[in-house]
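Please read the structure below before turning to the comments.
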Amino acid sequence: MIKKITTPISLDTVKGLKAGDRVLLTGRIVTARDAAHKLMIEKKPDFVREYLKESVIYHCGPVVSKDSAGKWHFVSAGPTTSSREEPYEADVIQEYTVRGVIGKGGMGAKTSAGLQKTGAVYLHAVGGAGALIAECVKNVETVLMYEELGSPEAFWVIDVVDFPLVVTMDAHGASLHAEVLKNSEAKAKKLLESIR
Amino acid sequence: MSVDLKSAVLELIRRSSTSLHPSWERAIADAAGKEDKDSSAGTVFSTILENIKLARDKSAPICQDTGSLTFYVDYPAGGRESNYTNAIIDAVIDATGKQYLRPNAVDSITGKNTEDNTGVNAPVFYYHQWDKNEVRIRFMQKGGGSENCGAQYRIPDSRIGAGRDLKGVRKVVIDAAQQAQGQGCAPGIFGVAIGGDRASCAKFAKEQLFRKYGERSSDPELAKLEKQLLDDINSLGIGPMGFGGKTSALEVFIASQHRHPATYYVSIAYLCWANRNGTLTINGDKVTYD
Numbered sequence: 000m001i002k003k004i005t006t007p008i009s010l011d012t013v014k015g016l017k018a019g020d021r022v023l024l025t026g027r028i029v030t031a032r033d034a035a036h037k038l039m040i041e042k043k044p045d046f047v048r049e050y051l052k053e054s055v056i057y058h059c060g061p062v063v064s065k066d067s068a069g070k071w072h073f074v075s076a077g078p079t080t081s082s083r084e085e086p087y088e089a090d091v092i093q094e095y096t097v098r099g100v101i102g103k104g105g106m107g108a109k110t111s112a113g114l115q116k117t118g119a120v121y122l123h124a125v126g127g128a129g130a131l132i133a134e135c136v137k138n139v140e141t142v143l144m145y146e147e148l149g150s151p152e153a154f155w156v157i158d159v160v161d162f163p164l165v166v167t168m169d170a171h172g173a174s175l176h177a178e179v180l181k182n183s184e185a186k187a188k189k190l191l192e193s194i195r
Numbered sequence: 000m001s002v003d004l005k006s007a008v009l010e011l012i013r014r015s016s017t018s019l020h021p022s023w024e025r026a027i028a029d030a031a032g033k034e035d036k037d038s039s040a041g042t043v044f045s046t047i048l049e050n051i052k053l054a055r056d057k058s059a060p061i062c063q064d065t066g067s068l069t070f071y072v073d074y075p076a077g078g079r080e081s082n083y084t085n086a087i088i089d090a091v092i093d094a095t096g097k098q099y100l101r102p103n104a105v106d107s108i109t110g111k112n113t114e115d116n117t118g119v120n121a122p123v124f125y126y127h128q129w130d131k132n133e134v135r136i137r138f139m140q141k142g143g144g145s146e147n148c149g150a151q152y153r154i155p156d157s158r159i160g161a162g163r164d165l166k167g168v169r170k171v172v173i174d175a176a177q178q179a180q181g182q183g184c185a186p187g188i189f190g191v192a193i194g195g196d197r198a199s200c201a202k203f204a205k206e207q208l209f210r211k212y213g214e215r216s217s218d219p220e221l222a223k224l225e226k227q228l229l230d231d232i233n234s235l236g237i238g239p240m241g242f243g244g245k246t247s248a249l250e251v252f253i254a255s256q257h258r259h260p261a262t263y264y265v266s267i268a269y270l271c272w273a274n275r276n277g278t279l280t281i282n283g284d285k286v287t288y289d
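Chain order of the listed sequences is A and B. According to numbering that gives the first Met the number 0, the first sequence holds residues 0 to 195 in order. According to numbering that gives the first Met the number 0, the second sequence holds residues 0 to 289 in order.
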């Protein structure tokens, strides 16, 4: 079954999501990646607060275009690798009451603990599916810190409709990534021992 | 030469960034065929195939990370390198303006993005003069997430129990695949080089990524190891995006070069499923793309 969820997301909705669930996300979300996460931890800026509250952070550095009227559009916008934000994410989730983090590759134990503490989920998008995901971005509301951080690293505030995602880390401590890692580790160990 | 080099390179970039080579589309379709359509892995493959088609139809980048850019230029002996460099840089700047490329050149000291994909060693150029009359420009876009999954081993490696032979090579490649998990947008393509010094080994591994789906090494020992490693990596169950599944690697390409008696390096260049590279050949007035 595919669950439809809309931002702002309530704590109840988040708690009802389980690792493995497929989700279609609609509503306003915000892109943030390496420089943005560093900034959110070091400076705790207030200008992103209203956009992030009970909303979703998207690990993405999009390809964008600007039309003749000066309006921005997303051309290609798949997820970037989330593990780089592992040192920051749990604190960002708590500081800004974020309910979801979209990215790829999953995150570690610190983020998992943060998801449980604040009540949030990690949502996996299909890496490399940039053109397809850009189709779900119906409107670019604004861009923050564009000059300072550059296009891929800026905070893009966007409206998405039916963004296809899979919950791979839930608010109850389950992680599909930890499970796959554990299973593949055991297989790799056995395989390496068999090569003589 | 009457061909406009800049326009030809711009078209090479557009094709590479927006249209996956049929060989790799087939590789993904083959992998999709092995999964249950309704499983997480099956869904990922359907999304990938749909995305490939959409990107081609819309002439939009397959992936927003249009990568770091490398040009391998072979040109007739006696020609001028700067002619190629200037035309390629102009094409890169144009391609960035046309959104075929995302600005990906960041000053490592100031953190400032140049916004046009040019800078110190950006793009990277490798030049080679040859005795043919034709010009061949091979272009590779490699995403940062996949680049981060690359590795270089110095064997013997006691942690993995890898000795200085092809069995040791097999072990370190399995280890690299296990470390990578789904992080570099699995299923990946593994370019592996054995021998040489550290720099030549890493470069040689990356160059293997120009090979096409199913293209085995001409060395029978290496061809055997390629097939073995493909089975090994796929037995780990990492699957597309690391969701679990039957295909974790689309290909393993291995090459070997001579080494110093005291050194034994194995480099692994990990490439995401979105294998964006292309070749432009110019022979007289004739321009071909592959």
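Every residue, glycine too, gets a C-beta built ideally from N, C-alpha and C. Predicted model, so just to flag it, every value in this text is computed and none were measured.
Check, Outcome
"Mind checking Met240/B: buried by the 16 CB within 10 Å criterion, or exposed?", "buried"
"Could you give the distance in angstroms between the alpha-carbon of Val179/A and the alpha-carbon of Val43/B?", "16 Å"
"So, for Lys52/A: in the same chain, excluding its five sequence neighbours on each side, which residues have a beta-carbon less than 6 Å away from its beta-carbon?", "Thr96"
"I need the DSSP call for Ala124/A, collapsed to helix, strand or coil.", "coil"
"Quick check on Val100/A - is its C-beta less than 8 Å from some C-beta in chain C?", "Absent here is chain C; the protein component of the structure consists of chains A and B."
"Mind reading off the beta-carbon distance from Thr79/A to Lys103/A? Whole number of angstroms is fine, and I expect it under 8 Å.", "7 Å"
"Within the 8 Å Cβ cut-off, does Asn182/A reach chain B?", "yes"
"Pick out the complete beta strand (DSSP E) segments inside the segment 218-279 of chain B, 3 residues or longer, and give them in chain order.", "248-255 and 264-270"
"Measuring alpha carbon to alpha carbon, tell me which residue in Gln182/B, Thr84/B and Lys170/B is nearest Gly142/B.", "Gln182/B"
"Report back the beta-carbon spacing between Gly129/A and Gly60/A to the nearest angstrom; my notes put them in contact at under 8 Å.", "Actually they do not touch by this definition, with Cβ atoms about 10 Å apart."
"For the segment 137-153 of chain A, enumerate the residues whose C-beta is nearer than 7 Å to any C-beta of chain B, in chain order.", "Gly149, Ser150 and Pro151"
"To the nearest angstrom, how far is it from the Cα of Ser15/B to the Cα of Lys116/A?", "44 Å"
"Report yes or no: is there a C-beta of chain B within less than 8 Å of the C-beta of Val165/A?", "yes"
"Using only alpha-carbon positions, find the residue among Ser22/B, Val72/B, Ala104/B and Ser217/B that is nearest to Leu4/B.", "Val72/B"
"How about Phe242/B: is its C-beta nearer than 8 Å to some C-beta of chain A?", "yes"
"Anything in chain A within Cβ reach of Leu235/B, meaning under 7 Å, just list it in chain order.", "Ser183, Lys186 and Ala187"
"Counting only C-beta atoms, is Val55/A closer than 8 Å to chain B at any point?", "no"
"With a Cβ-Cβ cutoff of 8 Å, do Gly105/A and Met168/A count as a contact?", "yes"
"Note down, in chain order, each residue of its chain lying with its Cβ closer than 7 Å to the Cβ of Lys205/B, except the 5 sequence neighbours on either side.", "Gly190 and Ala268"
"Identify, in the order they occur along the chain, each residue of the same chain with its Cβ nearer than 6 Å to the Cβ of Lys37/A, setting aside the five sequence neighbours on each side.", "none"
"If we call anything under 8 Å between Cβ atoms a contact, is Ala30/B one with Ile281/B?", "no"
"Under 8 Å, Cβ to Cβ, is there at least one residue of chain A near Val43/B?", "yes"
"Determine whether the beta carbon atoms of Ala76/B and Asp130/B lie at a separation below 8 Å.", "yes"
"Looking at the structure shown, is Gly118/A part of a helix, part of a strand, or coil, going by DSSP?", "coil"
"Along the chain, where does the beta strand (DSSP E) that runs through Pro60/B open and close?", "Neither: Pro60/B is in no beta strand (DSSP E) and is coded neither H nor E."
"Val159/A bridges to which residues according to DSSP?", "Gly26/A and Val136/A"
"Can the beta-carbon of Gly187/B be found less than 8 Å from the beta-carbon of Leu229/B?", "no"
"Roughly how many angstroms lie between the CA atoms of Gln178/B and Gly99/A, to the nearest whole one?", "26 Å"
"Within 10 Å of its beta-carbon, does Glu140/A have 16 or more other beta-carbons around it, so buried, or fewer, so exposed?", "exposed"
"How many whole angstroms separate the CB atoms of Ser22/B and Lys211/B, which I take to be in contact at a CB cut-off of 8 Å?", "4 Å"
"Can you look up Leu165/B in the DSSP assignment and give me helix, strand or coil?", "helix"
"Taking the C-alpha atoms as reference points, what is the distance between Ser111/A and Ile136/B?", "46 Å"
"For chain B, check one thing: does any of its Cβ atoms lie closer than 8 Å to the Cβ of Thr79/A?", "yes"
"Using the beta-carbon count (16 or more within 10 Å), is Ala34/A buried or exposed?", "buried"
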